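The sequence shown lines up with residues 2 to 139 when you count with my numbering. Beta carbons: idealized from backbone N, C-alpha and C, even for Gly. Computed from a predicted model, the values in this text were never measured in an experiment.
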Amino acid sequence: MELQRPLPTPMTPEAMPYWDGLREGKLMLPQCNDCGKAHFFPRIICPHCHSRNVGWIQASGKGKLYSFEIAYRSLNPNFKIEPPYILAMVELEEGPRIMSNLINIEPDPAVIKCDMPVEVVFEKQTDEVTISLFQPAS
Ligand SMILES: [Zn+2]
């Protein structure tokens, strides 16, 4: 099967729990053991308090649409999803914002609303890589 989008590579060690989680249908987030705040993207130092004492939590997968853009053409030739499609910044319940695509909704600004509740969808790309997309919450 031809891939529809470029896959993330290389997968850095500090992000492996994230990718391992997606393969198992879990959205994992790094969370600081000192200040208690979650963050995204994964990194070895907490961006809130600069602690290196960072662990992982399983996120609920629920959040709200913080911002979006409808793409009418793809600028990356490796991105083969038929436009229009929706680029979405989702604010997770746990706090961090994550860039993704919003799916299972018309790419129409009349029906997409900021702050609308969304939930994660796991889409397997290869045996190694599953990605997180979002859809309107049921
Ligand atoms: Zn912290």
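Cβ separation of residue i and residue j, assumed to be a contact under 8 Å, to the nearest whole Å
i           : j           : result
residue 65  : residue 117 : 7 Å
residue 60  : residue 93  : 6 Å
residue 123 : residue 6   : Contact doesn't hold; Cβ gap of about 15 Å is too wide.
residue 87  : residue 71  : 6 Å
Residues bridged to residue i [DSSP beta-bridge criterion]
i           : result
residue 32  : 39 and 56
residue 102 : 88
residue 112 : Answer is none; residue 112 lacks a bridge partner.
residue 14  : According to DSSP, residue 14 bridges with nothing at all.
residue 71  : 87
residue 97  : In DSSP, residue 97 forms no bridge with anything.
residue 64  : 93 and 119
residue 107 : Answer is none; residue 107 lacks a bridge partner.
Extent of the continuous alpha helix (DSSP H) to which residue i belongs
i           : result
residue 134 : Taken as a continuous stretch (DSSP letters only), residue 134 belongs to no alpha helix (DSSP H), being part of the beta strand (DSSP E) at 131 to 137.
Span of the beta strand (DSSP E), counted from its first residue to its last, around residue i
i          : result
residue 26 : No beta strand (DSSP E) contains residue 26, which DSSP labels as neither H nor E.
Please enumerate, following chain order, all residues with a beta carbon closer than 6 Å to at least one heavy atom belonging to ligand 1.
33, 35, 36, 38, 47, 49, 50 and 52
Say whether the region 97 to 104 touches the region 116 to 134, bearing in mind that this needs 3 or more beta-carbon pairs closer than 8 Å, one atom from each stretch.
yes
Are the region 42 to 56 and the region 9 to 17 in contact at 8 Å, needing three or more beta carbon pairs?
yes
Would you say the region 27 to 34 touches the region 48 to 60, given that touching needs at least three Cβ pairs under 8 Å?
yes
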